[in-house]
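Below is one structure; the comments refer to it alone.
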Amino acid sequence: MQQFAPTFESLRQYSAPEWFRDAKFGIWSHWGPQSVPMFGDWYARNMYIEGTPQYEYHVRHYGHPSKFGYKDLCALWKAEKFDADALMEKYYRAGARYFMSQGSHHDHFFNYGSKINRMNSVNVGPHKDILALWKAAADRFHLPFGISEHLGASFSWWRVNKGCDKHGPYAGVPYDGNDPAYRDFYFDNYEHGTEDPGNIFTWYTQNKDFHEYWLRCINEMVDTFKPDLLYSDGGIPFSRYFDITKPHEITESDYAVGLEAIAHLYNTSIALHGENRAVYLQKDRMPEIYQVGVLDIEKSQLPGIMPDPWHTDTCIGNWFYDVHNPYKRPEQIVEMLVDIISKNGSMLLNILQRPDGSLDDDAEYILAELTKWYAVCGEAVYGTRPWRVFGEGATLVKIQGFTEDKTDWNIHDYRFVEKDGAVYAFMMGAHGGETVTLRSFAGQEIHSVELLGYGPVPYHDEFGVLMVSLPDNLPVIAANALKIR
């Protein structure tokens with residue numbers, strides 16, 4: 000098979016592999032040293048910002064960041080109860096058909112035995128190769144394996160570790176990010192200052208030395224683990240534009256390093272499989288950009304069917320384990336999934352792990368409920384494609400970024416997919432004992448209607464409206480599915 004060149008022209012020839020279009024649902028381990036305080040996302044940044052709740056917690060619990068910094072917190076991460084095989088079995092039973100592990104977050108800590116970065120999970124903390132353990136477990140269940148990289152934003156994101164308090168007993172005392180012994184970990188990123196400029200350069204630095212460092216690290220991940228998916232937390236590195244949800248100018252030279260990494264990912268897959276099985280996920284919504292891979296939309300959805308496959312990444316609660324943050328209900332997770340797949344999307348769900356690697360009771364409950372739902376409705380998920388319309392009914396999901404309020408569905412709301420000559424109609428608001436009406440089948444001859452998990456159900460046509468009588472008790476907690484032929 001022809002190799003990809005690191006150019007937009009070449010990489011826009013990409014098409015998503017069938018395994019990805021079929022899989023629909025994956026589980027993500029967004030896990031690392033930032034889980035240790037059990038205080039949620041961006042701890043490694045906010046602990047260096049005076050006055051934030053995470054800073055206040057850090058000072059009281061660990062000490063001032065001039066004395067006990069993030070490097071010291073990394074050593075406390077032990078992952079002593081981490082069992083990749085046992086977790087992967089639970090994830091597979093819950094319906095995951097691909098799996099992703101965090102390779103490195105913005106904290107510049109690597110979850111594998113890197114030869115480039117000494118601050119990694121083999122040398123520090125767990126003394127385990129987290130990525131290798133996850134990949135071996137995914138291979139046992141024949142699940143495509145992915146790596147998320149958040150490293151691209153690290154150089155500017157972590158400039159706050161060079162600061163100091165402005166008030167109180169430690170005013171003017173430099174944080175440990177200024178320690179020359181850890182300059183390789185905390186970066187020489189003084190050029191970004193310690194205040195948030197709020198301009199288009201905030202997310203990705205334009206420091207060329209860091210660009211080359213990023214590429215070396217990403218290539219190391221790809222060469223070591225040969226992932227089926229690679230996720231960048233942002234647009235393609237190193238775009239100059241912060242708001243990548245809006246149209247912007249495209250200068251190919253800005254993306255040269257990122258395009259080189261993508262081409263290497265795809266060409267590595269071709270060398271291994273004889274064809275490209277790899278998927279690159281990024282968040283820039285301009286078609287000229289996302290056509291080099293698959294568009295990812297963090298914690299949000301789309302209003303309608305997108306011609307190209309797309310992807311949502313979300314979580315059951317906060318991104319890192321957080322004792323203060325409630326979890327989504329299993330019903331909401333299922334409803335989000337079926338809305339997404341009806342529009343040609345896939346969903347990646349972060350299942351939170353405690354710092355020791357275990358799951359809490361609420362996460363176990365969510366997985367148990369998803370397992371029950373998939374046992375009944377899995378055939379309406381795997382291998383399906385969007386129907387001619389994504390749904391029926393007036394209720395719409397919120398599509399504002401980072402907004403995942405539970406949708407108030409009613410009896411008239413449906414989401415549709417199709418497979419092997421059957422249309423699956425997910426009933427978003429129906430209850431047992433009701434007669435439901437579907438208007439989207441007007442003019443079509445209906446041969447059978449089956450409720451998944453129950454069997455054939457009575458139906459008739461009434462002036463072009465399909466009327467279906469439901470049993471008193473529905474099989475699953477949410478989004479029960481009719482199989483219509």
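For the sequence shown, numbering that gives the first Met the number 0 assigns the number 0 to the initial residue and increments by one for each residue that follows.
C-beta: ideal position from N, C-alpha, C; glycine also.
Are the beta-carbon atoms belonging to residue i and residue j less than 7 Å from one another?
i      : j      : result
TYR240 : LEU280 : no
SER34  : PHE440 : no
THR204 : SER155 : yes
GLY382 : ASP21  : yes
ASN266 : GLN2   : yes
HIS210 : ARG158 : no
VAL456 : VAL467 : yes
LYS282 : ILE243 : yes
GLY31  : PHE108 : yes
GLY112 : VAL121 : yes
LEU451 : VAL380 : no
TRP76  : GLY151 : no
ASN409 : GLY428 : yes
ALA83  : LEU132 : yes
ILE129 : ASN110 : yes
SER447 : ARG387 : no
LEU550 : ALA93  : Not covered by the structure: residue 550. The range shown for the chain is 0 to 484.
ILE315 : LYS298 : no
PRO329 : GLU368 : yes
GLU334 : ARG384 : no
GLY25  : TYR97  : yes
TYR458 : PRO470 : no
SER345 : LYS23  : yes
ASP40  : ASN324 : no
HIS149 : ASN218 : no
TYR189 : GLY176 : no
GLU444 : LYS482 : no
Report buried or exposed for residue i, applying the criterion of at least 16 other Cβ atoms within 10 angstroms of its Cβ.
i      : result
LYS161 : buried
GLY145 : buried
ARG139 : exposed
LEU86  : buried
MET426 : buried
PRO64  : buried
TRP18  : exposed
ASP407 : exposed
LEU271 : exposed
GLU79  : exposed
ARG284 : buried
ASN119 : buried
GLN300 : buried
PRO5   : buried
LEU142 : buried
GLU248 : exposed
GLY442 : exposed
ALA170 : exposed
THR250 : exposed
THR434 : exposed
PRO462 : Inspection of the sequence shows that residue 462 is occupied by Phe rather than by Pro. The residue in question, PHE462, is exposed, as its Cβ has fewer than 16 Cβ neighbours within 10 Å.
LYS405 : exposed
GLY420 : exposed
SER252 : exposed
ARG44  : buried
So residue i and residue j are supposed to be a Cβ contact under 8 Å. How far apart are they, rounded?
i      : j      : result
ARG438 : VAL464 : 6 Å
LYS342 : PHE415 : The pair is not a contact, with the Cβ atoms about 10 Å apart (cut-off 8 Å).
ASP359 : PHE38  : At roughly 15 Å, the Cβ-Cβ gap does not stay under 8 Å, so ASP359 and PHE38 are not in contact.
ILE27  : LEU348 : For the record, residue 27 in the displayed sequence is Trp; it is not Ile. TRP27 to LEU348, Cβ: 6 Å. Contact.
ILE269 : ILE235 : Wrong, their Cβ atoms sit about 20 Å apart, outside the cutoff.
ALA74  : VAL278 : ALA74 to VAL278, Cβ: 34 Å. No contact.
ARG81  : LYS127 : For clarity, residue 81 is Phe in the given sequence; the question names Arg instead. That belief holds up - the Cβ atoms of PHE81 and LYS127 are roughly 7 Å apart, short of 8 Å.
ALA424 : HIS411 : The pair is not a contact, with the Cβ atoms about 12 Å apart (cut-off 8 Å).
GLN290 : TYR13  : 7 Å
ASP106 : TYR56  : Incorrect: roughly 17 Å between the Cβ atoms, too far for contact.
GLU391 : TYR413 : 4 Å
Just to confirm, does residue i get its C-beta within under 6 Å of one of the non-hydrogen atoms of the ligand COA?
i      : result
ASN479 : This structure simply doesn't include the ligand COA, nor any ligand for that matter.
Contained beta strand (DSSP E) runs [length at least 3] in the stretch 29 to 107, N- to C-terminal order: 98 to 103
Just checking, does the stretch 91 to 101 make contact with the stretch 50 to 60 on the three C-beta pairs under 8 Å criterion? no
Evaluate contact between the stretch 352 to 372 and the stretch 301 to 313, counting only Cβ atoms and requiring at least three cross-stretch pairs below 8 Å. no
Return the chain-ordered ranges of every beta strand (DSSP E) run that is complete within the stretch 334 to 400 and spans a minimum of 3 residues. 344 to 349 and 384 to 391
Cβ pair count under 8 Å reaching 3, the stretch 251 to 271 against the stretch 179 to 188: no
Ordered list of alpha helix (DSSP H) runs contained in the stretch 198 to 276, each at least 4 residues: 207 to 224 and 255 to 272
Could you tell me which whole alpha helix (DSSP H) segments of length 4 or greater appear in the stretch 288 to 340? 329 to 340
Can you check the stretch 398 to 430 for any beta strand (DSSP E) of at least 3 residues that lies completely inside it and give the ranges in chain order? 413 to 418 and 421 to 426
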